[in-house]
Structure formats: structure tokens, C-alpha cells
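454 is the number of the first residue of the sequence shown in my numbering; add one for each residue after it.
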Amino acid sequence: MNKRDMDKVDRLIEEFLIGNPQPKTADWKRLIEQYPQHAGAIADAALINHSFIESQEDGSTGAFDETLFNATISYVLNLVHQTPSASLKEAKERVAAIQGPSVKKVAEDIGIGPYASLLNGVLVGRTLAPTRILKALADRLEVPILALVELFQRTFAERRVPAHKAIGVKPQLSSQPCTWEDAVRTMRLSPKETARLLKFSEED
């Protein structure tokens, strides 16, 4: 997307937010249906604005709904598939380029700290990253957030069952990625570091 197109999308989203200061998921979906060619940029804006929150019947705002979030992401990805883009390929190449020794530095750059294994889990789709981590990673790699989300989902779905030498034992793969909280707690870090990392998901 060239600068002119980016400016056009920015104005489109700005006008949308002025008219919808507290947009619901349905509002974002309608906007995407109107401008499917900009589905990726609109989805990025929705993620950054933490807008996957529905209002309750009494008018109060509910907590972050992970099921709703995942359903909306799937909906958006389907629309993006209808508008071919090089973003996914670019995201795949840039993620591949940081895997290995570079992962630790990238983890530190985006605020995770010296925990390469935690970022590795995100990069292979095994761990669901909080929005703030996704945005920082997208900025670091200079690719759309949505492209990373789709890449991680595909990578997780395309995993292969590892070879297992034990006789009579059938290897199992988890059907769902683990949450950020579970991944952090599994690392058994100090209470201070655990709290710091968990705060990322609390900000969603």
C-alpha cells in the first residue's frame, strides 16, 4: 500500500471513529464489508483501538470476549482472502528472518525481555499474544498486525505430529493455542517478572 492509499485509509478510519466513538464488532464488520479492499488496515485499527468489546443490554461495557475476538478475526481473515495481498508472504519472510539467535534481541526490543522461548511460542502460533505484543512485533517487522495473526494461525494449524519412539503411545497435539497467561506461568519466573508479563494481557 503506497502512502496515498495509506492516507486515504487513515482518513476513512478517522471519519468512522468520529461517527462511532465506541464502535462494536458489528460496526467494524460493516465498515469492512463496505471497503473489503482495506480489510487488513481496518482490522489493524480495530485491534489497536481495543474495539472487540460488546455493550451489554443495560448499556455497560463487557469484559474482553476472547470467543468474540476469535470469531471476528476469522470473519476478517475470510474477507482478506477475497482481496489477495502480499502482506502474508512478507510477514512469513520477516518472521523466518528473526527465528534463531535473533529471537532474544527481538523479544527484548518489543518489551518481552530476555525470554526467547516465550516469543518463539508466539511465532509458531503455539501462544496467543496480547494485542500490545502483536502491535509491537508488527511495528518491529513493519508488517500489518492482521498478517501476523493469520500467519500464526496457519503455522499452528499446519503443525506436524512429532515422531514418537515410545511403543504404544500415540503423540498428541493441542487443538488450541495456549493463552499468554498459561505460557508466562509455565516459565516459573520471579513474581515481579511474572506480574510484568501478565500485565500485557490485562491491557487488552
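C-beta atoms are modelled at their ideal positions from N, C-alpha and C, and glycine is treated no differently.
Alpha helix (DSSP H) segment containing residue i, residue limits
| i | result |
| --- | --- |
| Val556 | 555-562 |
| Met484 | Inspection of the sequence shows that residue 484 is occupied by Leu rather than by Met. Its alpha helix (DSSP H) spans residues 478-487. |
| Pro644 | 644-655 |
| Glu546 | 540-551 |
| Thr608 | 598-610 |
| Gly641 | According to the sequence displayed, residue 641 carries Arg and not Gly. Here Arg641 belongs to no alpha helix (DSSP H), and DSSP marks it neither H nor E. |
Three-state secondary structure assigned by DSSP to residue i
| i | result |
| --- | --- |
| Thr580 | strand |
Cutoff 6 Å; reference residue i; Cβ partners in own chain excluding five residues on either side
| i | result |
| --- | --- |
| Val577 | Thr608 |
| Leu650 | Val637 |
Proximal residues to residue i (C-beta, below 8 Å), its chain only, five neighbours per side dropped
| i | result |
| --- | --- |
| Ala560 | Gly566, Pro567, Tyr568, Ala569, Leu571, Leu572 |
| Leu721 | Examination of residue 721 is not possible in this model, given that the chain is present from 454 through 657 alone. |
Cutoff 7 Å; reference residue i; Cβ partners in own chain excluding five residues on either side
| i | result |
| --- | --- |
| Asp480 | Asn473 |
| Ile551 | Val559 |
| Ala636 | Leu571, Gly574, Thr580 |
| Gln606 | Gly578 |
| Ser504 | Confidence at Ser504 is low in this model, with a pLDDT of 44, below 50, so the placement of that residue should be treated as unreliable; the coordinate-derived value is given next. Pro476, Trp481, listed in sequence order. |
| Ala498 | Ile466 |
| Leu604 | Leu541, Ala544, Lys545, Val548 |
Contact the segment 558-568 vs the segment 582-600: 3+ CB pairs below 8 Å: yes
Answer yes if the segment 627-641 comes into contact with the segment 575-585, meaning at least three C-beta pairs across the two stretches below 8 Å, and no otherwise. yes
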